[in-house]
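Undergrad:
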Amino acid sequence: MWTPTTRALHRREGLRFASDVTDAEWAVLAPLLPPASPVGRRPSWPMREIINAIFYVLRGGIPWRMLPDCFPPRQTVYAWFLAFRERGVWESINHHLVMLDRERAGREASPTAAVIDSQSTKTTEAGGPRGYDAGKKINGRKRHAMVDTDGRPLVLQCHAASVQDRDGAIPLLQASRARFPFVERAFADAAYAADRVAQATRIAIEIVRKPKNQVGFAVHPRRWVVERCFAWLGRSRRLAKDFEATIASATAFLYAASVLLLIRRLARSA
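Numbering-wise, the sequence shown is residues 4 to 273 according to the numbering used here.
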């Protein structure tokens, strides 16, 4: 819920576009970016402008071809986006930012508990893997997320919406062991109640079920945290619908949205 205090914290006056990073946000993000290669031609554009252009596409939900002329050429920006995607830069930055934000909040850097859930979203005619989610009646892709108990994204994955939650959870849990090996327990809904999920890793899966007498919508313990995370990511209009032709790009934009969320949070608290 917006209040006068929170609105003041989120104001973006004085910037060329609201998606541009401020000096405080750049101070958080710049040390985490990969250094420039010592060989080859020197970059013609500052990295801050490249990042601003990527965030403009992410927040505005525009095609790459509609990038304004005040930014570097779209071919340059897109090439950097692909380079970051292939090298896993967005995932690495998100990993470091999560630890920094947890320490800022007085928590241990690496979480020991997590929450998992999925979100189905429609796709366009761009192509790529897709499927039909019979439960949500959506033809498109499914976003799987593991978040900590405060809602910070830990691991994000995309796959066809036809993949059931209990099948999509297995690679999600396995991928979390490399970056967050101290997670011991994960909370989930009844869709993940399967032996193959419980046995996928050493993470104990605790199913949070609906009350028997529930009528209509109700907020469930633990599970609401991941829903709030999807709402945070949904502020980026590029994620309102899956426009990407590849799973890799869809996942990269998810991590980029998480990075944008975390650097703003850290900059406001600095």
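Positions of the beta carbon are idealized from the N, C-alpha and C atoms, including for glycine.
1) How big is the Cα-Cα spacing for residue 142 and residue 165?
2) Under the DSSP definition of a beta bridge, which residues are partnered with residue 163?
3) Does DSSP classify residue 267 as helix, strand or coil?
4) Determine contact between the region 20-34 and the region 55-65, defined as no fewer than three beta-carbon pairs at a distance below 8 Å.
5) Assuming residue 114 contacts residue 186 (C-beta within less than 8 Å), just tell me the rounded distance between them.
6) Check whether the region 250-264 and the region 156-170 are in contact - that is, three or more C-beta pairs closer than 8 Å.
7) Report the residue from 203, 201 and 59 whose alpha carbon sits nearest the alpha carbon of residue 77.
8) Does DSSP classify residue 179 as helix, strand or coil?
9) Name the DSSP beta bridge partners of residue 121, please?
10) How long is the line joining the alpha carbons of residue 63 and residue 73, rounded to whole angstroms?
11) Can you say whether residue 149 is buried or exposed, counting buried as having 16 or more other CB atoms within 10 angstroms of its CB?
12) Ignoring anything shorter than 4 residues or poking outside the region 26-98, list the alpha helix (DSSP H) runs there in chain order.
13) Provide the residue span of the beta strand (DSSP E) that contains residue 209, from first to last.
14) So, for residue 18: in the same chain, excluding its five sequence neighbours on each side, which residues have a beta-carbon less than 8 Å away from its beta-carbon?
15) Sort 256, 230 and 235 by Cα distance to residue 241 and report the nearest one.
16) Report all residues from its chain with a CB closer than 7 Å to the CB of residue 254; omit the five preceding and five following residues, and keep chain order.
17) Tell me which residue opens and which closes the beta strand (DSSP E) that residue 193 is part of.
18) Secondary structure at residue 134, three-state DSSP: helix, strand or coil?
19) Would you kindly work out how many angstroms separate the C-alpha atoms of residue 98 and residue 179, rounded to a whole number?
20) For residue 126 and residue 197, I'd like the C-alpha separation in whole angstroms.
21) If you check the beta carbons only, do residue 173 and residue 203 fall under 9 Å apart?
22) Please work out which residues of its chain come closer than 7 Å, Cβ to Cβ, to residue 48, disregarding the five sequence neighbours upstream and downstream, and give them in chain order.
23) Going by CA-CA distance only, name the one from 50, 102, 144 and 234 that's closest to residue 81.
24) Could you check the C-alpha separation between residue 230 and residue 33 for me, to the nearest Å?
TA: Short version:
1) 8 Å
2) 144
3) helix
4) yes
5) Sure, about 6 Å apart at Cβ, within 8 Å.
6) A contact exists between the region 250-264 and the region 156-170.
7) Of the candidates 203, 201 and 59, the one whose C-alpha sits nearest the C-alpha of residue 77 is 59.
8) helix
9) Paired residue(s): 147.
10) 15 Å
11) buried
12) 26-32, 50-63 and 77-90
13) Membership of residue 209 in the beta strand (DSSP E) is indicated by the continuous run 207-210.
14) 25
15) Among 256, 230 and 235, the Cα nearest to that of residue 241 is on 256.
16) 159, 160 and 161.
17) Per DSSP, residue 193 belongs to no beta strand (DSSP E) and is neither H nor E.
18) strand
19) 11 Å
20) 28 Å
21) yes
22) 75 and 79
23) With distances taken between Cα atoms, residue 81 lies closest to 50.
24) Going by the C-alpha atoms only, they are around 30 Å apart.
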